[in-house]
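K.L.:
There are 2 protein chains.
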Amino acid sequence: MADLTADLMVRTDLRGVDSHGVGMLPTYLRWHRAGYIHPAAEPKIVRDEGTTAVVDGQQAFGHYVATCGMELAIAKARAHGVGFVTCHNSNHYGAAANYSLMALAHDMIGISMTNGPWPAVVPTFGRQAMISTNPISLAAPAGREYPFVLDMATSTVAIGKLSVAARWAKPIPPGWALDPTGQPTTDASVAYHTRLLTPLGGNREQGGHKGYGLAVMVDILCGVLAGASWAAQTRRDTHPPDRADVGHFFGAIDVQRFRPLDLFKADVDALLRSLKDSPLAEGGGRIYVAGEPEWECETMRRREGIPLAPGLVDQLRTVAGETGLPFTLAGRR
Amino acid sequence: MADLTADLMVRTDLRGVDSHGVGMLPTYLRWHRAGYIHPAAEPKIVRDEGTTAVVDGQQAFGHYVATCGMELAIAKARAHGVGFVTCHNSNHYGAAANYSLMALAHDMIGISMTNGPWPAVVPTFGRQAMISTNPISLAAPAGREYPFVLDMATSTVAIGKLSVAARWAKPIPPGWALDPTGQPTTDASVAYHTRLLTPLGGNREQGGHKGYGLAVMVDILCGVLAGASWAAQTRRDTHPPDRADVGHFFGAIDVQRFRPLDLFKADVDALLRSLKDSPLAEGGGRIYVAGEPEWECETMRRREGIPLAPGLVDQLRTVAGETGLPFTLAGRR
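Which chain is which? The protein sequence lines are A and B, in order. So for the first sequence, the numbering used here puts the first residue at 3; every next one is plus one. So for the second sequence, the numbering used here puts the first residue at 3; every next one is plus one.
Put into structure tokens, the structure is as follows:
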């Protein structure tokens, strides 16, 4: 479990998703000490019926629970065409794409979602955070192009963007976050301290009710269907304080049940290529498709290494010291 | 097929989604005359394997093809826990929620998506429409609350909002649409004529790349996986001009494979209620959950009738005249 979790954290940094990689280690140590994460626990399959299964994560590392869940979904899709697995009693699982990506080696479409018990996103017309940033990931195999890998929080931006803007005392665009009265704020410091993110779209006029709807959809699949906790429940204080009880939802769809694999891959290539070759906006630099920046980052970082901020290196040294582990991180300073 | 299609169009108006109800009839007549819609055609199941199936719509009405597809998905979920069905060679299917809603009577979660061959949405950093408004719908049963019904285009707004603003010569908010150079425009007339919608979120800074990713995801599932056309293909002129070749993707998930139904419904109720009861923004009126405005509208319109604009009544009278059918629409003027 330690190897797998470490590998996924490093893979996440390789892909450039620095917010969800080794930078999470100090937080995971804190959650372990709070009793949320049981590193030696083994997830249990509590229900298993052909195309579906339910996994009790037993408070193991989310990365490990999720890998077990997605492996099960893939095995089911191999046998039955599609496989869907929910997990409860889990923890933060890092980047959602880690698990949708697993389907690609099997020429399947992979789906990965997670909720979280930490309220961060405000319902449209509300002023209290009631939903976590509930990400959605879908990965689809391609031929010559990089595979399509969508991995998006259902909030407009991540908390990380607010902390960076607050640190530099820069204004944020209206629509990212709200002040305590529920009005849009451009003051990064207010936004960072109130932590009231808008759902994708921002306000109602800009379609924020759609991002809000997507976030609730994720809570229905990962919280309610999986039998895990959800952010609004935490608000009601009915959430057990001794565990995070994060829920996940995984799906695998065997492409060949619907179309010959070579035709599917050729058409994914054609679709992605058409989008990337379409005319640029004036002043624009480049049209991407989902996952492309991460594939390019991974290629570069496998060659050149992963840059770690000095502050993070210090934090990791502290984690090693506090846990009595040797600090072996070497590299250019 | 005529009854079913008419019923779904009226149901759509009952739910207040006037853009996708009987108001589409003149367009459907035009598409029939162009050879896209074959009203007497019968969809064919071209592949059928336990949990999955592929339907060739045979250019029948999209509503009919989609109903066949979703019925098949539900039957598969009844037998196997989950069922997924793609359709190609179909037509515009009206409101996406018409089909996800079908799952509710079976205590299942319903999923419905469609693409379209009509480019309307611009990739992030682009200036040409390459994707249709590709909606996503998910419906989940509740207990005492209205069921959760998300039905959202993956664009920021619908074309309809631009035409209304253009008609009244009102400015539109920046972020809804682009001018021909790919820059945001607030001129409704420019926006309506160039028809370059932004993906949900608007520009890159506001998360528009996420809406763009969701729209491409729908094209991968409904266009590529289903073996139908897609908007970027239309752009390349490889799309057969004699049919729309719309693709759909349907899923049904039997709740009871994951959790006891009463617990699931009670938790959906608790989740939705928590969101609706959370504190209001200052100046805000009410917090909704997805589907609630439509359920309330349906209740009201079943009692009071569906208001039809005089212009639409005239259009419907023309359709009746041109097709040699009696015009029997009665009601308060």
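C-beta atoms are modelled at their ideal positions from N, C-alpha and C, and glycine is treated no differently. Being a predicted model, the structure only gives us computed values, none of them experimental.
Which residues in chain B sit within 7 angstroms of Gly177 of chain A, going by Cβ to Cβ distance?
P.N.:
Residues of chain B passing the Cβ test: Gln208.
K.L.:
Looking only at its chain, what residues have a beta carbon closer than 7 angstroms to the beta carbon of Tyr38 of chain B, apart from the 5 residues adjacent to it on each side?
P.N.:
These residues qualify, in order along the chain: Gln61, Asn93, Arg245 and Ala246.
K.L.:
How many Å lie between Arg335 of chain B and Pro309 of chain B at the Cα?
P.N.:
Bear in mind that a pLDDT of 49 at Arg335 of chain B, under 50, signals an unreliable position, so the number given afterwards is only what the model happens to contain. Cα to Cα, Arg335 of chain B sits roughly 9 angstroms from Pro309 of chain B.
K.L.:
Is there a Cβ of chain B sitting closer than 9 angstroms to that of Thr126 of chain A, yes or no?
P.N.:
So yes, Thr126 of chain A belongs to the interface.
K.L.:
Can you list, in chain order, the residues of its chain whose CB lies under 8 angstroms from that of Gly18 of chain B, leaving out five sequence neighbours each side?
P.N.:
So the qualifying residues of the chain are Pro295, Glu296, Cys299, Glu300 and Arg303.
K.L.:
Between the stretch 284-306 of chain A and chain B, which residues of the former have a C-beta closer than 9 angstroms to a C-beta of the latter?
P.N.:
So the close ones are Glu284, Gly285, Gly286, Gly287, Arg288, Ile289, Tyr290, Val291, Ala292 and Gly293.
K.L.:
Nearest to Gly286 of chain B by CA position, among A:Cys70, A:Asn100 and A:Arg129, is which residue?
P.N.:
The option with the nearest alpha carbon to Gly286 of chain B is A:Arg129.
K.L.:
Three or more C-beta pairs under 8 angstroms: does that hold for the stretch 200-213 of chain B against the stretch 247-267 of chain A?
P.N.:
Contact fails: fewer than three Cβ-Cβ distances are below 8 angstroms.
K.L.:
What residues in its chain sit with their C-beta under 7 angstroms from that of Ala292 of chain B, if we drop five residues either side in the sequence?
P.N.:
Same-chain partners within the cutoff: Phe150, Val151 and Leu152.
K.L.:
Counting only runs of 3+ residues fully inside the stretch 121-192 of chain A, write out the beta strand (DSSP E) ranges in chain order.
P.N.:
Listed in chain order, the complete beta strand (DSSP E) runs (minimum 3 residues) inside the stretch 121-192 of chain A are 138-142 and 150-154.
K.L.:
Which residues, taken in chain order from the stretch 50-68 of chain A, show a beta carbon closer than 8 angstroms to some beta carbon of chain B?
P.N.:
For the stretch 50-68 of chain A, which is checked against every Cβ of chain B, the residues closer than 8 angstroms are Glu51, Gly52, Thr53, Thr54 and Val56.
K.L.:
Identify which residue in B:Thr116, B:Thr54, B:Asp9 and B:Asp109 has its Cα closest to the Cα of Ala365 of chain B.
P.N.:
The displayed coordinates of chain B run from 3 to 335. Any statement about residue 365 of chain B would go beyond what the structure contains.
K.L.:
Between the C-alpha atoms of Asn100 of chain A and Leu10 of chain A, what's the straight-line distance to the nearest angstrom?
P.N.:
One C-alpha to the other measures close to 7 angstroms.
K.L.:
Do the CB positions of Pro186 of chain B and Thr196 of chain B come within less than 9 angstroms of each other?
P.N.:
Contact: no.
K.L.:
Are the beta-carbon atoms of Phe252 of chain B and Thr7 of chain B separated by less than 9 angstroms?
P.N.:
No, the pair does not count as a contact, with Cβ atoms beyond the cut-off.
K.L.:
Under 9 angstroms, Cβ to Cβ, is there at least one residue of chain A near Arg335 of chain B?
P.N.:
Note that Arg335 of chain B scores 49 on pLDDT, short of 50, meaning its location in the model is unreliable; the coordinates nonetheless yield the value given after this. No, no contact with chain A.
K.L.:
Between Arg261 of chain B and Gly225 of chain A, how many whole angstroms is the CB-CB distance? I'm expecting something under 8 angstroms.
P.N.:
Their Cβ separation, rounded to whole angstroms, is 11 angstroms, which puts Arg261 of chain B and Gly225 of chain A out of contact at 8 angstroms.
K.L.:
Which residues bound the beta strand (DSSP E) around Cys89 of chain A?
P.N.:
Looking at the DSSP string, the run of the beta strand (DSSP E) that includes Cys89 of chain A is Val84 to Ser92.
K.L.:
Could you check what DSSP says for Arg335 of chain A in three-state terms: helix, strand or coil?
P.N.:
A caution first: Arg335 of chain A carries a pLDDT of 49, below 50, which makes its placement in the model too unreliable to give a value.
K.L.:
Since Ala272 of chain B is in the alpha helix (DSSP H), which residue starts that stretch and which ends it?
P.N.:
Counting along the chain, the alpha helix (DSSP H) containing Ala272 of chain B begins and ends at Leu263 to Lys278.
K.L.:
Taking only the alpha-carbon atoms, compute the straight-line gap between Thr158 of chain A and Ala4 of chain B and give it to the nearest angstrom.
P.N.:
Spanning the two alpha carbons is a distance of roughly 43 angstroms.
K.L.:
Let's test the definition: count the other Cβ atoms within 10 Å of the Cβ of Ala36 of chain A and tell me whether it reaches 16, buried, or not, exposed.
P.N.:
When all chains shown are included, Ala36 of chain A counts as exposed.
K.L.:
Consult DSSP for Pro119 of chain A and reduce its assignment to one of helix, strand or coil.
P.N.:
Note: Pro119 of chain A maps to coil in three-state DSSP.
K.L.:
Quick one: Cα of Gly215 of chain B to Cα of Pro281 of chain A, how far?
P.N.:
Taking the straight line joining both Cα atoms gives about 18 angstroms.
K.L.:
For Phe266 of chain B, which residues from the same chain have a beta carbon less than 6 angstroms from its beta carbon, with the 5 sequence-adjacent residues on both sides left out?
P.N.:
Correct list, in chain order: Val257.
K.L.:
Return the first residue and the last residue of the alpha helix (DSSP H) that Ala322 of chain B is part of.
P.N.:
Residues Pro312 to Thr325.
K.L.:
If we cut at 9 angstroms on Cβ distances, does Asp109 of chain A have a partner in chain B?
P.N.:
So, not an interface residue.
K.L.:
Would you mind sorting Gly204 of chain A into buried or exposed? The rule is 16 or more other CB atoms within 10 Å of its CB.
P.N.:
Gly204 of chain A should be labelled buried.
K.L.:
Alpha carbon to alpha carbon, how far is Trp170 of chain B from Val192 of chain B?
P.N.:
Roughly 13 angstroms separates the two Cα atoms.
K.L.:
For the putative contact between Thr325 of chain A and Leu31 of chain A, defined by C-beta atoms under 8 angstroms, what is the C-beta separation to the nearest angstrom?
P.N.:
At roughly 7 angstroms, the Cβ-Cβ gap stays under 8 angstroms, so Thr325 of chain A and Leu31 of chain A are in contact.
K.L.:
In the DSSP output, which residue or residues are listed as bridge partners for Pro201 of chain B?
P.N.:
Paired residue(s): B:Ser157.
K.L.:
Under 7 angstroms Cβ-Cβ, which residues of chain A neighbour Gly204 of chain B?
P.N.:
Those are Gln208, listed as they occur along chain A.
K.L.:
Does any CB atom of chain A fall closer than 9 angstroms to the CB of Arg129 of chain B?
P.N.:
True, the Cβ-Cβ gap to chain A drops below 9 angstroms.
K.L.:
If the cut is a Cβ gap below 7 angstroms, which residues of chain B does Asp269 of chain A touch?
P.N.:
Near Asp269 of chain A (Cβ distances below 7 angstroms), the residues of chain B are Val226.
K.L.:
Ala8 of chain A lies in the alpha helix (DSSP H); which residues open and close that run?
P.N.:
Ala4 to Leu16 is the extent of the alpha helix (DSSP H) around Ala8 of chain A.
K.L.:
Which chain D residues are close to Trp232 of chain B, counting only those with a beta carbon under 7 angstroms from its beta carbon?
P.N.:
Of the protein chains in this structure, namely A and B, none is chain D.
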